[in-house]
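Undergrad: One structure, as structure tokens, below. Some questions next.
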């Protein structure tokens, strides 16, 4: 159950990043509200999951889903650069973050 | 001869770093300030103990996210979010062993170095006016 809510939290975070993108396409209140709801419910589910899953592991997975998901949605739906260098650097940042979360 | 050449390369390299990495415009500044404030609210979430520290924490959360979101209106959101999360994590780990007596490990230093290298790389490959503006 905790793993399930953790993955949903990660997906909601991805949804939040997608809404940040959406906001630059169409600036309206509905998008702002969806954005706040997305990140808010994501954090709530994360803190629920962290009661059962070790902190470092939980954070690492949550961040991982959010960053990768956000980058993919940006590239697929919002015309962000698909340059391989950009993907390599995002992967570098992401792997370092996951490593830091796991050993801290 | 060899040292002269490598010296030239070094100068060229430093020039690129100076011109490209530190050519910080308004939007990049927002990303960096947002990440810096993130350090404070992450610390605040675990260490805040009264009304004022909680107020400060909430203000940091709001301002930090506001800056990140507005920067992502111009720069690619995927890049901005990765840097925001990355620098926030690095800063929190550094604050952890500077101020909260967490164990110093070499692995942490190496990971922070690769993280910063990734952030600089992203800064380099991101055009200042991302294609978003041209497209929509």
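Chains as they are written, first to last, in the working numbering: chain A, 28 to 131; chain B, -7 to 128.
Using N, Cα and C, we set each Cβ at its ideal position, and we do this for glycine too.
CB-CB under 6 Å to residue 19(B), same chain, minus the five flanking residues each way: which ones, in chain order?
TA: As a working mapping, residue 19(B) is identified with position 27 in the second chain. Cβ within range, chain order: 63, 66 and 67.
Undergrad: Select from the region 36 to 65 of chain A all residues with a C-beta closer than 7 Å to any C-beta belonging to chain B, and list them in chain order.
TA: 44, 47, 48, 50, 51 and 52
Undergrad: Pick from 47(A), 131(A) and 127(A): whose alpha carbon is nearest that of residue 93(B)?
TA: As a first step, residue 93(B) must be located in the second chain, where it is residue number 101. Cα-wise, what sits closest to residue 93(B) is 131(A).
Undergrad: Take residue 94(A) as the anchor and find which of 78(B), 29(B) and 6(B) has the nearest alpha-carbon.
TA: By one-based count along the first chain, residue 94(A) stands at place 67. Nearest option by C-alpha distance: 78(B).
Undergrad: Please identify the residue among 98(A), 101(A) and 63(A) whose C-alpha is closest to the C-alpha of residue 54(B).
TA: As a working mapping, residue 54(B) is identified with position 62 in the second chain. Here the closest residue by C-alpha is 63(A).
Undergrad: Should residue 123(B) go down as buried or exposed, given a rule of 16 or more other Cβ atoms within 10 Å for buried?
TA: In the second chain, residue 123(B) corresponds to position 131, counting from 1. Low confidence applies here, because residue 123(B) scores a pLDDT of 44, under 50, leaving its location unreliable; read the following figure in that light. The residue in question, residue 123(B), is exposed, as its Cβ has fewer than 16 Cβ neighbours within 10 Å.
Undergrad: To the nearest angstrom, report how far apart residue 33(A) and residue 5(B) are at their CA atoms.
TA: Counting from 1 along the first chain, the entry for residue 33(A) is found at position 6. Counting from 1 along the second chain, the entry for residue 5(B) is found at position 13. About 43 Å.
Undergrad: Ends of the alpha helix (DSSP H) at residue 60(B)?
TA: The residue given as residue 60(B) occupies position 68 in the second chain. That run of the alpha helix (DSSP H) goes 43 to 63.
Undergrad: Can you tell me whether residue 40(A) is helix, strand or coil according to DSSP?
TA: Here residue 40(A) refers to the residue found at position 13 of the first chain. Judged by DSSP in its simplified three-state form, residue 40(A) adopts helix.
Undergrad: Short of 9 Å Cβ to Cβ, which residues in the region 108 to 121 of chain A face chain B?
TA: 108, 110, 112, 113, 115, 116, 117, 118, 119, 120 and 121
Undergrad: By the 7 Å beta-carbon criterion, what residues does the region 63 to 83 of chain A contribute toward chain B?
TA: none
Undergrad: When you compare the CB of residue 124(B) with every CB in chain A, is at least one pair closer than 8 Å?
TA: As a working mapping, residue 124(B) is identified with position 132 in the second chain. Low local confidence applies: a pLDDT of 48 at residue 124(B) is under 50, so the model's placement there is unreliable, with the coordinate-based value given in what follows. With 8 Å as the cut-off, residue 124(B) counts as an interface residue toward chain A.
Undergrad: Would residue 73(B) pass as an interface residue toward chain A - the criterion being a Cβ-Cβ separation below 8 Å?
TA: Position 81 of the second chain holds residue 73(B). Chain A, which has a Cβ nearer than 8 Å to the Cβ of residue 73(B), makes this yes.
Undergrad: CA-CA distance, residue 17(B) and residue 24(B)?
TA: For the purposes of this step, residue 17(B) is identified with residue 25 of the second chain, where counting begins at 1. For the purposes of this step, residue 24(B) is identified with residue 32 of the second chain, where counting begins at 1. Distance between the alpha carbons of residue 17(B) and residue 24(B): 11 Å.
Undergrad: DSSP on residue 48(A), reduced to helix/strand/coil?
TA: In the first chain, residue 48(A) corresponds to position 21, counting from 1. Residue 48(A) falls in the helix class under three-state DSSP.
Undergrad: Pull up the distance between the alpha-carbon of residue 128(B) and that of residue 53(A), whole angstroms please.
TA: Sequence index remark: in the second chain, residue 128(B) carries index 136 (1-based). Sequence index remark: in the first chain, residue 53(A) carries index 26 (1-based). Residue confidence for residue 128(B) is low, a pLDDT of 38 falling below 50, so the modelled location carries little weight; the figure read from the coordinates is stated next. Roughly 10 Å between the two C-alpha positions.
Undergrad: Looking at chain A, which residues of the region 28 to 48 of chain B have a Cβ within less than 8 Å of any of its Cβ atoms?
TA: none
Undergrad: Could you tell me if residue -5(B) is buried or exposed, where buried requires 16 or more neighbouring beta carbons within 10 angstroms of its beta carbon?
TA: Within the second chain, the letter at position 3 stands for residue -5(B). It counts as exposed.
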